[in-house]
């Protein structure tokens, strides 16, 4: 036994441990200080930043032995004044999206402010240089820290805000407004005869409402799945433990007990914030939480000859090693079920992220030992590395059906003839890379036996999707309700959390061992396993007449979808249907192919295929503009789609279409910038899944304890849809937000409202919430109920389903409606003399701007992500094996950001659904990359056809 | 206007290498170049380390760098303005002018690797490359037997300082290592 011990002070209390380990493990596992987030445990991401002797330090780097004698502070240890300052400052500045980086940002900010009470913008940027944020583009975090400093200096006040939300002065946002014609979409029934009377709501449409999740994210008490430790599961016969977890006194315990809250399976929530779960009561017989982790393939393609697990299973504390033989149906997959849950003996691996077996043990330490004790014998085979290898004759078949996973052929008019007759054409072949989502929160899930099935505490983009995938694996498709999926806080997704990763494996283990089981990906594992943005090789030819009017497009798009399909089909489809751009021409021949390879899989990623094809098209438009002798702005304006015109797929552009308005909005900036340092690009992006699929929004409002509870299983992955729903209800009912609670995304008590994908939650689920809220308003009016007498409606439920049908791809209608809405955008990028991006003017048409602060947060974050895609990000592979670490992905840091100018373009004429909001999540990350490429083209006349762009200020050769 | 950020001198040697036999420190000239002329292979087992002759101290107009008995000079960051005069006169090229917020720095200039380097000094870099492997940002390359940190890539997380088995990489904030 070690007799050495390490003593230091944490949040004012002297602590001693005899374990030598990274401080993050001590703070999280021993002291349960869950504000210290574990984003990488490699020192790269900054989510675990704490303050040690006045310096901001990463808790995963510092170790307990080196911390001896030091004074350590976490968010939990901030003074009340500091806490309130940061909550208010970050809320009003819009600093919080997914929230996973936020406690680290707060601590980096605190260390700076303590040293320098009035920091400049540059000093703040420097102070958070070691902290990655993937959501915000840093701008609003910098503003938040500056405002916190100002409050702590006594120059700004923390205004009393109602509970967790508050109204405030708008930030500087630019609006332009244009009147269009009338548009009358098909409407679902139920509310059409009821006028919305709430038109001046304080917290309704267009207001900068403080996000509902700010406080729990800033102060770190909101729960992501990784914040669920063994103490979360409290046996019903242990009042002492329940009181310790909840902070209840004897009386509160007795009250809760009398109300029947302390029964196996019942989740206990915080009193002050009834949506933050503290613990769950479990059967006294239930053993404590166990830990699971996968042994993954060493080779991208190899026959698994033998899995030798006996040694691992014999280790004390190991519950067992699960293999394919333990899986009722060994296939999962978001759309196509082609993904082996585990690779069985005798089968062939498809990627290095493949699961060979899952080890379950009583502690994370034993788990690691046991994983090392599992030996796997392989017969390595030559992998299929690329699209060309995949389609080569005699290539090994990765799946039994061959290597062609998906194809699409989108045609209209006669592209060949149009191009032959064009005065000018431009042709080039483009390649764009795989991109890693790099969300700050690695995949994690905790499952436990529940009722006659299992409950999964998840972090994903669609609770019902996860339920469905797990049901397929368990063979429970006809009794899916035995599986309950509840999303906790979600630390970013960007498309990377649509497929199951940990959820199904923990469910399997929880059922097998009849106890709670947690699985968390290491960062390296996350980089290997979840699907990326598709790598593309594509050849595009676009033609125009002598005036620059576009005539036709011919293109072939080849996607590397890696080992599994994931969302290859829809992503490829969107790449194809959007490759024509938001322009008015109707001769297109677009061929899309998605190939399996032995690379890690590709799937959904913000932009959904359109980032790739728009980069190609927009780059070629600049070439055509040059040939015609007009400006890059002019060629886009001459061809821009307008309401009433046909989109390239034949759909009639609706009244809300505001592409031209976005072009007009950025024109002054385009004109003011030196001609050889400015680039421009447009984009369009569908909102809603569309293409004939039953994409429904559902919401249920329930009146309970005199409050309105909004239930919908929409995942808020940081984009802020829960706050949008709050505003929808406030607008429809005129109720103050203190009367409205937004329930958790949970398949047991919230209706299926589809996936957080396709920029659909604000529009599709938003409309369902609006519909239900109008039903409530109608009932309030009929029964003379106001905000103080809501209890008269106690127990009432208001359910609304929104469904606007669309037409499938290839529909023979003259004007098929592919999607219920499209958003439009124009971005302008400006370079300095050295080639550094200094400004991006980003104008977006998202219909009605529900929450300007949230919208500009989406824009800034999406635009910076697009800038990274253009210039710095890479996720390289060597013989199908990813080589990057989180810190070498090339993610832009706070000191790299240009001036990000979010411009909201809001027309008077809007769609009728969801108060006219169309959503903005995905389109934000599309146009900046081609705009930046355009700026370099203007600078040196070289058409760059590869991302990240070559020979720029940001490539190592030029960088000083 | 942005304030000009003051740089500071950083000495890439911690001392600790035993003097060669037969050399009496007291009898050495107070000039490092002169010492090197007398002893071209240096005066201690590590031929790359500080000679202790005080040339840097003599060159400094601000009394910001001071020789310490038996060890390399100490820099007073409050006084140092990063003019670089000391760096220019150091014949061993041990002094670099850096930004003071770059708190994670290697403090050894030994160019040998493995056993040779280990035997030369208790505080020597042995070029094991652990820092290179552990750096999350890919900011370190071991070149000429010692780590070189790319300041554009380094995020000063201190992982290299924590993992360095020889204590070569130091945290001048005194958190990851004593400074």
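Residue numbers (my numbering), protein chains in the order written: chain V, 624 to 1583; chain L, 7 to 185.
Just so you know, even glycine gets a beta-carbon here, dropped at the ideal spot from N, CA and C.
Given the structure is predicted, the values throughout are model-derived calculations rather than measurements.
Interface flag, residue i vs chain V, CB-CB below 7 Å
i: residue 176/L; result: no
i: residue 161/L; result: yes
i: residue 181/L; result: yes
i: residue 173/L; result: no
i: residue 164/L; result: yes
i: residue 17/L; result: no
i: residue 168/L; result: yes
Neighbour flag for residue i against chain L, beta carbons, 7 Å
i: residue 1508/V; result: yes
i: residue 665/V; result: yes
i: residue 969/V; result: no
i: residue 753/V; result: yes
i: residue 818/V; result: With a pLDDT of 49 at residue 818/V, under the threshold of 50, the modelled position of that residue is not reliable, and the figure given next carries that caveat. Not one chain L Cβ lies under 7 Å of residue 818/V.
i: residue 631/V; result: no
Under 7 Å between C-beta atoms of residue i and residue j
i: residue 934/V; j: residue 1000/V; result: no
i: residue 1325/V; j: residue 1355/V; result: no
i: residue 1114/V; j: residue 1229/V; result: no
i: residue 859/V; j: residue 885/V; result: yes
i: residue 1304/V; j: residue 1053/V; result: no
i: residue 1546/V; j: residue 1446/V; result: yes
i: residue 1205/V; j: residue 1286/V; result: no
i: residue 61/L; j: residue 109/L; result: no
i: residue 875/V; j: residue 926/V; result: no
i: residue 1495/V; j: residue 1577/V; result: yes
i: residue 78/L; j: residue 92/L; result: no
i: residue 1245/V; j: residue 761/V; result: no
i: residue 731/V; j: residue 679/V; result: yes
Residues sharing a beta bridge with residue i, DSSP
i: residue 723/V; result: Looking at the DSSP assignment, residue 723/V forms no beta bridge with any residue, so it has no partner.
i: residue 902/V; result: 891/V
i: residue 1463/V; result: 1452/V, 1523/V
i: residue 71/L; result: 81/L
i: residue 1177/V; result: 1164/V, 1212/V
i: residue 1073/V; result: 1076/V
i: residue 110/L; result: 177/L
i: residue 1183/V; result: 1158/V, 1218/V
i: residue 999/V; result: 930/V
i: residue 102/L; result: 16/L
i: residue 944/V; result: 982/V
i: residue 53/L; result: Paired residue(s): none; residue 53/L is not in a bridge.
i: residue 1107/V; result: 1078/V
Heavy atom of the ligand FMN within 6 Å of residue i beta-carbon
i: residue 1428/V; result: In the structure on display, the ligand FMN does not appear, and there are no ligands present to speak of.
Residues, ordered as in the chain, of the segment 673-684 of chain V that lie near chain L by beta-carbon distance below 7 Å:
The segment 673-684 of chain V vs chain L, Cβ under 7 Å: 675, 676, 678, 680, 681, 684.
When you check each C-beta in the segment 128-158 of chain L against every C-beta of chain V, which residues fall closer than 9 Å?
When CB distances to chain V are screened at a threshold of 9 Å, the residues of the segment 128-158 of chain L falling below it are 140, 141, 142, 143, 144, 145, 158, in chain order.
Relative to chain L, which residues along the segment 1492-1526 of chain V have a C-beta separation below 8 Å, given in chain order?
So the close ones are 1508, 1509, 1510, 1511, 1516.
Any C-beta of chain V within less than 9 Å: which residues of the segment 87-110 of chain L qualify?
Taking 9 Å as the Cβ-Cβ cut-off against chain V, the residues of the segment 87-110 of chain L that qualify are 107, 109.
Touch test, the segment 1396-1413 of chain V against the segment 1265-1280 of chain V, Cβ-Cβ under 8 Å, three pairs minimum:
No, the segment 1396-1413 of chain V does not touch the segment 1265-1280 of chain V.
Any contact between the segment 1301-1320 of chain V and the segment 1547-1554 of chain V? By contact I mean 3 or more CB pairs, one from each, below 8 Å.
As far as the Cβ criterion goes, the segment 1301-1320 of chain V touches the segment 1547-1554 of chain V, which means the pair count is three or higher.
The segment 688-706 of chain V: which residues have C-beta closer than 9 Å to a C-beta of chain L, in chain order?
Legend: CB atoms of the segment 688-706 of chain V lying less than 9 Å from CB atoms of chain L belong to residues 689, 690, 693.
Examine the Cβ distances between the segment 1089-1102 of chain V and the segment 950-960 of chain V and report whether three or more of them are shorter than 8 Å.
Touching, per the Cβ criterion.
I want to know whether the segment 1206-1225 of chain V touches the segment 1006-1022 of chain V - three or more CB-CB distances under 8 Å.
The segment 1206-1225 of chain V is in contact with the segment 1006-1022 of chain V.
Would you call the segment 659-676 of chain V in contact with the segment 693-709 of chain V, where contact means no fewer than 3 C-beta pairs closer than 8 Å?
Flag = yes, the segment 659-676 of chain V and the segment 693-709 of chain V touch.
Validate contact between the segment 1177-1186 of chain V and the segment 1149-1164 of chain V using beta carbons, cut 8 Å, 3 pairs
Taking 8 Å as the limit for Cβ pairs, the verdict is that the segment 1149-1164 of chain V does touch the segment 1177-1186 of chain V.
For the segment 1469-1487 of chain V against the segment 1412-1423 of chain V, are there 3 or more C-beta pairs whose distance is under 8 Å?
These segments do not touch.
When you compare the segment 761-781 of chain V with the segment 704-722 of chain V, are there three or more beta-carbon pairs, one atom per stretch, that lie closer than 8 Å?
With contact defined as three or more Cβ pairs closer than 8 Å, the segment 761-781 of chain V and the segment 704-722 of chain V are in contact.
How do the segment 1447-1467 of chain V and the segment 1326-1338 of chain V stand: do at least 3 beta-carbon pairs fall below 8 Å, yes or no?
No contact exists between the segment 1447-1467 of chain V and the segment 1326-1338 of chain V.
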